[in-house]
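Quick note, the sequence shown lines up with residues 1 to 476 if you use my numbering.
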Amino acid sequence: MANLNRRQFLSLAAGGSAAALLPVCGCAGQTGIDYTASKKRPNIIFLLTDDHRADAMGCAGNPIVSTPNMDDMARNGVRFTNAFVTTSICASSRASVFSGQWTARHGIINFALNFSDDDLALTYPMLLRAAGYRTGFIGKYGVGPKRELPTDKYDYWRGFAGQGRYENKDEDGNYKHLTSIMGDQAADFLQGCSPDTPFCLSISFKAPHVQDGDPRQFIYDRAYAGLYKDVTIPTPKTADPKYFEALPEFLQKSEARRRWSIRFPTPEKFQESVKSYYRLITGVDNVIGRIRHDLAGLNLADNTVIMLMGDNGFYLGEHGLAGKWFPHEESIRVPLLVYDPRAPKQLRGRTLERYALNVDIAPTILQLAGLDVPAVMQGASLLPLLAGRKPKWRTEFFYEHPFPHKTIAKSIALRTPRYKYALYTDYGYEELYDLKNDPLETNNLAPDKEHKKTLDALRTRCNRLAEIAKGGWVVD
1 MANLNRRQFL
11 SLAAGGSAAA
21 LLPVCGCAGQ
31 TGIDYTASKK
41 RPNIIFLLTD
51 DHRADAMGCA
61 GNPIVSTPNM
71 DDMARNGVRF
81 TNAFVTTSIC
91 ASSRASVFSG
101 QWTARHGIIN
111 FALNFSDDDL
121 ALTYPMLLRA
131 AGYRTGFIGK
141 YGVGPKRELP
151 TDKYDYWRGF
161 AGQGRYENKD
171 EDGNYKHLTS
181 IMGDQAADFL
191 QGCSPDTPFC
201 LSISFKAPHV
211 QDGDPRQFIY
221 DRAYAGLYKD
231 VTIPTPKTAD
241 PKYFEALPEF
251 LQKSEARRRW
261 SIRFPTPEKF
271 QESVKSYYRL
281 ITGVDNVIGR
291 IRHDLAGLNL
301 ADNTVIMLMG
311 DNGFYLGEHG
321 LAGKWFPHEE
331 SIRVPLLVYD
341 PRAPKQLRGR
351 TLERYALNVD
361 IAPTILQLAG
371 LDVPAVMQGA
381 SLLPLLAGRK
391 PKWRTEFFYE
401 HPFPHKTIAK
411 SIALRTPRYK
421 YALYTDYGYE
431 ELYDLKNDPL
441 ETNNLAPDKE
451 HKKTLDALRT
461 RCNRLAEIAK
471 GGWVVD
């Protein structure tokens with residue numbers, strides 16, 4: 001197996017061949033506005049929400065959840081409508097965000113594993129700090145155990161390991177919700193910033209993740225208790241028991257079903273859980289509003305790029321499941337917003353359908369800062385798309401979930417515009433969905449002989465991308 005350089009890897013991952021080594025985000029000869037070519041480096045704020053599915057924003061068409069600040073970012077920025085994670089679980093996905101690598105390469109497959117010192121040095125916050133950026137981290141770090149947190153590697157650190165607690169008290173003993181505390185910490189970081197030194201602040205919200213072990217699960221700020229009280233959340237079509245009964249036995253007996261029994265077992269519990277989930281998201285949205293207000297007050301707003309992404313999707317009872325992990329759309333599709341105040345009017349308020357992945361975050365942030373992207377990063381910078389160019393781009397992507405767990409089946413998948421192929425590797429169980437005619441993934445075509453040719457082709461391609469994701473290439 002020969003190692004690929006960055007250009008070769010991106011070409012092959014985009015569907016190229018060894019004879020046509022073109023970068024996936026190559027922009028030569030493309031039209032577009034290079035509005036980022038400024039001598040003054042931008043400030044960057046990266047916001048990561050936890051278990052935030054793609055449709056849980058008003059700007060994504062959700063008529064119930066209140067997200068006015070996210071909506072404003074979309075209205076004056078760019079919203080990616082096909083944003084996905086390459087592994088849908090906290091530790092692996094966050095490691096992919098930091099490193100720009102698939103899980104198969106960075107190797108963070110459980111909560112005990114961490115970056116080596118050399119690998120940590122090649123994550124976007126460390127590279128920015130080395131280049132003169134003031135760096136801050138707030139919230140759920142999610143990679144490695146508590147004793148190995150990189151507390152001394154940032155200029156400002158307010159991170160925590162594990163789950164964290166939603167309910168806290170301030171110095172006077174008054175109730176304080178974690179999301180609100182993180183807003184205070186963001187304000188504190190910004191107060192310490194100078195217009196002469198660019199900064200990168202990474203905020204990883206716990207919300208809207210549940211409080212594991214607490215029967216209330218979605219513990220929202222008490223200030224939002226009245227929100228959504230008088231609305232009725234529509235039940236997903238695939239929450240019908242017949243769709244759960246069509247699943248293989250290992251999914252019916254999975255951790256996702258156990259958690260469904262806690263969150264969505266009755267219509268009443270479904271309403272309570274989803275409304276509480278939405279309240280947590282609204283809490284995050286209000287903090288985003290606070291951050292933007294503080295930026296304006298400090299005269300930092302005009303040169304600060306804000307990005308928002310979810311670390312994985314989330315089942316709200318679809319297929320009779322809860323949690324994430326598996327390759328269904330609800331589990332792997334996430335929100336992605338980019339607000340750049342420097343962008344000209346004609347590049348704002350756009351929705352882009354190109355595939356954007358969590359591995360693209362690090363390359364994008366580095367290029368925003370004017371830095372080279374290390375060869376070890378497998379993602380592609382989104383900057384050409386944000387600048388209105390039409391680069392050669394991926395038309396498919398590889399998904400993997402190697403997390404070891406007795407009742408969470410490992411899986412790999414290939415997502416194309418038309419089809420999704422999935423293999424649950426522990427069971428040899430294959431799925432094939434025609435997303436054009438079956439977007440809810442209710443009819444598994446894998447057993448049908450008439451789809452054998454498609455199944456074989458996607459299986460072969462998926463296995464090939466699995467090899468590429470490891471960072472090597474098998475010479476034909």
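Ideal placement from N, C-alpha and C gives every residue a C-beta, glycine not left out.
Buried or exposed by the 16-neighbour rule on C-beta atoms within 10 Å, applied to residue i
i, result
"residue 465", "buried"
"residue 203", "buried"
"residue 329", "buried"
"residue 208", "buried"
"residue 23", "With a pLDDT of only 34 at residue 23, under 50, the local geometry of the prediction cannot be trusted, and the value read off the model is given with reservation. It is buried - the Cβ of residue 23 has at least 16 other Cβ atoms within 10 Å."
"residue 175", "exposed"
"residue 460", "exposed"
"residue 356", "buried"
"residue 405", "exposed"
"residue 392", "buried"
"residue 311", "buried"
"residue 67", "buried"
"residue 185", "buried"
"residue 267", "exposed"
"residue 293", "exposed"
"residue 96", "buried"
"residue 194", "exposed"
"residue 340", "buried"
"residue 19", "For residue 19, the predicted model reports a pLDDT of 28, less than 50, meaning its position is unreliable; a value from the coordinates is still stated below. Exposed is the call here."
"residue 351", "exposed"
"residue 29", "Residue placement at residue 29 is poorly supported in this model, since its pLDDT is 36, which falls under 50; the coordinates are not used for a value here."
"residue 262", "exposed"
"residue 353", "exposed"
"residue 25", "Only weak support exists for where residue 25 lies, its pLDDT of 42 falling under 50; the coordinates are left without a value."
Beta-carbon separation (whole angstroms), residue i vs residue j, contact threshold 8 angstroms
i, j, result
"residue 114", "residue 349", "Going by Cβ atoms, the distance from residue 114 to residue 349 rounds to 40 angstroms, so no, they are not a contact pair."
"residue 86", "residue 398", "7 angstroms"
"residue 88", "residue 381", "Residue 88 to residue 381, Cβ: 23 angstroms. No contact."
"residue 126", "residue 308", "At roughly 22 angstroms, the Cβ-Cβ gap does not stay under 8 angstroms, so residue 126 and residue 308 are not in contact."
"residue 211", "residue 163", "7 angstroms"
"residue 367", "residue 359", "The Cβ separation is near 14 angstroms, so there is no contact."
"residue 534", "residue 250", "The displayed coordinates of the chain run from 1 to 476. Any statement about residue 534 would go beyond what the structure contains."
"residue 205", "residue 143", "Between residue 143 and residue 205 the Cβ distance is about 16 angstroms, and since that is not below 8 angstroms, they are no contact."
"residue 64", "residue 224", "Not quite, the Cβ-Cβ distance comes to about 14 angstroms (not below 8 angstroms), so this is no contact."
"residue 278", "residue 219", "Wrong, their Cβ atoms sit about 13 angstroms apart, outside the cutoff."
"residue 60", "residue 417", "Not confirmed; about 19 angstroms, so no contact."
"residue 299", "residue 40", "Their Cβ separation, rounded to whole angstroms, is 13 angstroms, which puts residue 299 and residue 40 out of contact at 8 angstroms."
Given residue i as reference, the closest of the options once Cα atoms are compared
i, options, result
"residue 252", "62, 453, 407, 422", "407"
"residue 180", "162, 171, 148, 221", "221"
"residue 109", "91, 118, 426", "91"
"residue 477", "430, 211, 460, 42", "Not covered by the structure: residue 477. The range shown for the chain is 1 to 476."
"residue 468", "452, 374, 379, 431", "379"
"residue 112", "453, 102, 146", "146"
"residue 454", "414, 471, 424", "414"
"residue 471", "100, 60, 78", "100"
"residue 338", "327, 326, 361", "361"
"residue 375", "49, 123, 84, 44", "123"
"residue 82", "442, 93, 396, 153", "396"
"residue 62", "188, 133, 275, 246", "275"
"residue 477", "165, 205, 365, 463", "Because the chain in this structure spans residues 1 to 476, residue 477 falls outside the shown range and cannot be described."
"residue 230", "254, 189, 272", "272"
"residue 238", "422, 225, 439", "439"
"residue 117", "152, 132, 104", "152"
"residue 119", "132, 133, 131, 150", "150"
"residue 423", "449, 417, 410", "410"
"residue 457", "442, 436, 419", "419"
"residue 281", "48, 199, 93, 36", "48"
Cβ-heavy atom distance, residue i to the ligand NAD, below 7 angstroms
i, result
"residue 57", "This structure lacks the ligand NAD, and indeed carries no ligand of any kind."
Residue-level contact to chain C via CB, residue i, 8 angstroms cutoff
i, result
"residue 65", "As a matter of chain content, chain C is missing from the structure shown, which is built from one protein chain."
Q) Which ranges would you report for the beta strand (DSSP E) in the stretch 244-327 if only whole runs of at least 3 residues count? A) The qualifying runs are 304-310.
Q. Can we say the stretch 313-326 touches the stretch 46-54, given the rule of at least three CB pairs closer than 8 angstroms?
A. Touching, per the Cβ criterion.
Q: Decide yes or no for the touch test of the stretch 320-340 against the stretch 255-262: beta carbon pairs closer than 8 angstroms, at least 3 of them.
A: Touching, per the Cβ criterion.
Q | Whole runs of the beta strand (DSSP E) within the stretch 322-371, excluding any shorter than 3 residues | A | List check, beta strand (DSSP E) in window: 336-339, 350-352.
Q) Is it true that the stretch 229-236 meets the stretch 152-171, where meeting means three or more beta-carbon pairs spaced less than 8 angstroms apart? A) With a cut-off of 8 angstroms, the stretch 152-171 and the stretch 229-236 do not count as touching, because too few Cβ pairs lie within range.
Q) Between the stretch 284-291 and the stretch 178-197, are three or more C-beta pairs nearer than 8 angstroms? A) The way I'd put it, the stretch 284-291 does touch the stretch 178-197; three or more beta-carbon pairs between them come closer than 8 angstroms.
Q) Is the stretch 340-348 in contact with the stretch 98-108, if contact means three or more CB pairs nearer than 8 angstroms? A) No, the stretch 340-348 is not in contact with the stretch 98-108.
Q) So, do the stretch 384-397 and the stretch 425-444 have three or more beta carbon pairs nearer to each other than 8 angstroms? A) With the cut-off at 8 angstroms, the stretch 384-397 and the stretch 425-444 do not touch.
Q) Mind pulling the alpha helix (DSSP H) runs of 4 or more residues that sit fully within the stretch 427-472? A) For the stretch 427-472, whole alpha helix (DSSP H) runs of length 4 or above, ordered along the chain, are 452-469.
Q.
Does the structure place the stretch 127-140 close enough to the stretch 156-166 that three or more beta carbon pairs sit under 8 angstroms?
A. They touch, by the three-pair rule.
Q: May I have a chain-ordered list of the beta strand (DSSP E) segments no shorter than 3 residues that lie completely inside the stretch 165-231?
A: Considered as a whole, the stretch 165-231 harbours 167-169, 175-177, 199-204 as its complete beta strand (DSSP E) runs of no fewer than 3 residues, in chain order.
**Q.** Whole alpha helix (DSSP H) elements within the stretch 89-153, 4-residue minimum
**A.** Runs of the alpha helix (DSSP H) inside the stretch 89-153: 90-99, 103-106, 117-120, 124-130.
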